[in-house]
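*Asks:* Under our numbering, the residues of the sequence shown are numbered 18 to 191, in order.
Please find one structure pasted underneath; my questions will follow.
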Amino acid sequence: MKFFTENIDSLRELYVNQLRSMLSAERQITDALPKMIDKSTDQQLRQAFESHFRETEVHVQRLEQILSETANETDDIKCKVLDTMVDETESIVGDIDDGSVRDAALIASGQRVEHFEMASYGTLRNWAQILGESGHAQILNQTLQEEEHADQLLTQISDKVNPSAGSTGKAAAA
Ligand SMILES: [Fe+2]
Ligand SMILES: [Fe+2]
Numbered sequence: 018m019k020f021f022t023e024n025i026d027s028l029r030e031l032y033v034n035q036l037r038s039m040l041s042a043e044r045q046i047t048d049a050l051p052k053m054i055d056k057s058t059d060q061q062l063r064q065a066f067e068s069h070f071r072e073t074e075v076h077v078q079r080l081e082q083i084l085s086e087t088a089n090e091t092d093d094i095k096c097k098v099l100d101t102m103v104d105e106t107e108s109i110v111g112d113i114d115d116g117s118v119r120d121a122a123l124i125a126s127g128q129r130v131e132h133f134e135m136a137s138y139g140t141l142r143n144w145a146q147i148l149g150e151s152g153h154a155q156i157l158n159q160t161l162q163e164e165e166h167a168d169q170l171l172t173q174i175s176d177k178v179n180p181s182a183g184s185t186g187k188a189a190a191a
């Protein structure tokens with residue numbers, strides 16, 4: 018089975034390939050977050066998405082910088098994982114009328130994306146270290162920490178939003 022359209026014969030080539038995939042992921046997140054902000058009801062959730070949108074724009078710039086220094090180009094390779102995640106989010110969110118339940122769905126989608134990013138940046142940081150790119154490893158680590166922070170913030174907000182989403186169904190059934 019062929020996963021890539023180009024041959025990858027070294028960890029450095031794999032690193033560049035995955036940086037380009039992550040650049041596509043971050044660009045897709047930049048497109049998706051404004052729609053998620055639009056659909057959010059909870060003020061704190063909206064603010065969390067807004068501040069992470071600004072961070073995500075920086076994540077794109079950091080990857081462009083690393084790629085231009087490593088490979089002399091900033092073309093991405095489409096990340097199909099994010100493409101599917103965004104599709105799923107749009108379809109589920111479009112089916113929910115209740116604000117709190119929709120917020121719960123948005124938090125769930127957001128956290129799935131953050132965990133995908135955390136796993137990806139953890140790997141990229143490790144490869145950068147092995148390849149002797151300590152400056153890039155530091156930059157990737159900074160992004161990783163921002164993804165972790167975004168995830169923790171969403172957990173905090175879910176502590177308030179999810180019980181409120183839970184009581185919505187009960188009220189309707191009563
Ligand atoms: Fe990011
Ligand atoms: Fe993120």
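Here a beta-carbon is modelled for each residue, glycine too, at the ideal position from N, C-alpha and C.
#1: Could you tell me the distance, in whole angstroms, from the CA atom of Arg142 to the CA atom of Thr185?
#2: Should Gln83 be listed as close to ligand 1, given that the test is whether its C-beta is under 7 Å from any heavy atom?
#3: Just checking Thr106 against ligand 2 - is the residue's beta carbon closer than 7 Å to any of the ligand's heavy atoms?
#4: Which two residues bound the contiguous alpha helix (DSSP H) that contains Lys56?
#5: Using DSSP with H/G/I as helix, E/B as strand and the rest coil, what is Ile113?
#6: Can you tell me the Cβ-Cβ gap for Leu148 and Leu84, rounded? I've got them flagged as a contact below 8 Å.
#7: Judging by CA-CA distance, which residue of Ser175, Glu81, Gln146 is the nearest neighbour of Ser126?
*Replies:* Considering the structure as presented:
#1: 42 Å
#2: Gln is not the amino acid found at residue 83; the sequence shown has Ile there. No, the beta carbon of Ile83 sits no closer than 7 Å to any heavy atom of ligand 1.
#3: Outside the cutoff, so no.
#4: 28-56
#5: Coil.
#6: Actually they do not touch by this definition, with Cβ atoms about 14 Å apart.
#7: Ser175
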